[in-house]
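One structure below.
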Amino acid sequence: MTEADGGPVARLRVTNRGTDMLELILEPYGSDHWLRPSETFVVVTYGFGNGDPFEVEHEPATVTVHLDGHGYVTDLNGDEIDCAHGRPETGEETNA
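Counting from 12, one number per residue, gives the positions in the sequence shown under the working numbering.
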């Protein structure tokens with residue numbers, strides 16, 4: 012598979028199985044995407060080198076995905092999700 016001649020493509024599904032909002036951070040961009048309970052996003056990367064396409068870190072209420080290439084976040088239909096999607100307002104609770 013190739014992404015517009017950008018090289019190999021890898022996809023990683025991230026699902027929020029909890030009861031509160033989950034922050035997904037995409038590095039090296041620093042973009043944040045917030046998942047509601049039961050929501051699934053897909054991290055897509057392309058043009059990665061010889062190493063693994065993803066490195067994943069989990070902390071309470073946050074998952075950080077480090078890319079070895081270019082990438083973005085989509086919903087299950089393949090529609091791109093912008094940075095700050097679902098971000099709670101300052102002081103807003105993150106439980107849904």
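Cβ coordinates follow ideal geometry from the N, Cα and C atoms, glycine included.
Next on the checklist: With DSSP as the reference, identify every bridge partner of F52, one or two as the case may be.
Outcome noted: Locating residue 52 in the sequence shown gives position 41, where the first residue counts as 1. In DSSP, F52 forms a bridge with V25.
Item to check | Per-residue burial, P99 [other beta carbons within 10 Å of its own, 16 or more giving buried] | outcome: Here residue 99 is taken as the residue at index 88 of the sequence shown, counted from 1. Exposed: under 16 other Cβ atoms inside 10 Å.
Item to check | Distance, A72 Cα to E91 Cα | outcome: Within the sequence shown, residue 91 is the residue found at index 80, counting from 1. Within the sequence shown, residue 72 is the residue found at index 61, counting from 1. Distance between the alpha carbons of E91 and A72: 22 Å.
Checklist entry - Can the beta-carbon of V84 be found less than 8 Å from the beta-carbon of L37? => result By 1-based counting over the sequence shown, the position of residue 84 is 73. By 1-based counting over the sequence shown, the position of residue 37 is 26. Yes.
Next on the checklist: How far does the beta strand (DSSP E) with Y11 in it extend, from its first residue to its last?
Outcome noted: Nothing can be reported for residue 11, as the shown portion of the chain is limited to 12 through 107.
Item to check | T13 to Y57 span [Cα, whole Å] | outcome: Along the sequence shown, read from residue 1 onward, the residue named residue 13 stands at position 2. Along the sequence shown, read from residue 1 onward, the residue named residue 57 stands at position 46. Annotation note: pLDDT 45 at T13 (below 50); position unreliable, no value reported.
Checklist entry - Comparing alpha-carbon positions, which option in V53, G62, G82, V76 lies nearest N88? => result Position 77 of the sequence shown, counted from the first residue, corresponds to residue 88. Looking at the Cα atoms, V53 is the closest of the given residues.
Checklist entry - Closest to G62 by CA distance: which of T26, G29, R22, G80 is it? => result Here residue 62 refers to the residue found at position 51 of the sequence shown. Here the closest residue by C-alpha is G80.
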